[in-house]
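Quick note, in the working numbering, the sequence shown goes up one by one and the last residue is 400.
This report concerns only the one structure given below.
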Amino acid sequence: FLLLYKILYGIKKGAYPSQIAKRLGISKQLINYYLKRFLSENLIEKEFRTSFTKYKLTEKGQEYLKKLKIKLKKKRKK
323 FLLLYKILYG IKKGAYPSQI AKRLGISKQL INYYLKRFLS ENLIEKEFRT
373 SFTKYKLTEK GQEYLKKLKI KLKKKRKK
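And the structure:
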């Protein structure tokens, strides 16, 4: 859950996928895997503002991020 949360949180904060990968110490391929998954689940959508693709959370993605945060808090209390 933690990795999913961190990726979605990075998107929420406006980071580019390559920035998120670098920050989390994971490969760009893994980020792209999750981006495709999130797109297919309508958690994120693409934004084309520059020559780079940016992503933003959908309403569904924002709700999912909140649920992940709650799950992570519960796990930490155990």
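Every residue, glycine too, gets a C-beta built ideally from N, C-alpha and C.
Backbone CA spacing between residue i and residue j [nearest angstrom]
{"i": "G336", "j": "L379", "result": "10 Å"}
{"i": "K344", "j": "R398", "result": "25 Å"}
{"i": "E363", "j": "R371", "result": "23 Å"}
{"i": "K388", "j": "I342", "result": "19 Å"}
Range of the contiguous alpha helix (DSSP H) that encloses residue i
{"i": "F360", "result": "350–362"}
Nearest to residue i (by Cα), restricted to the options the options
{"i": "S373", "options": "F323, Y331, Y338", "result": "Y338"}
{"i": "I333", "options": "F323, L394, S349, Q384", "result": "Q384"}
Assumed close pair residue i, residue j - CB separation to whole angstroms, cut-off 8 Å
{"i": "G377", "j": "E369", "result": "Looking at the sequence itself, residue 377 is Tyr, so the reference to Gly does not match. Sure, about 7 Å apart at Cβ, within 8 Å."}
Residues of its chain near residue i, where Cβ-Cβ distance is below 6 Å and the 5 sequence neighbours each way are ignored
{"i": "F360", "result": "I366"}
Cut-off 8 Å between Cβ atoms - residues of its own chain near residue i, not counting five sequence neighbours on either side
{"i": "I348", "result": "L325"}
{"i": "E381", "result": "none"}
{"i": "K350", "result": "P339, S340, A343"}
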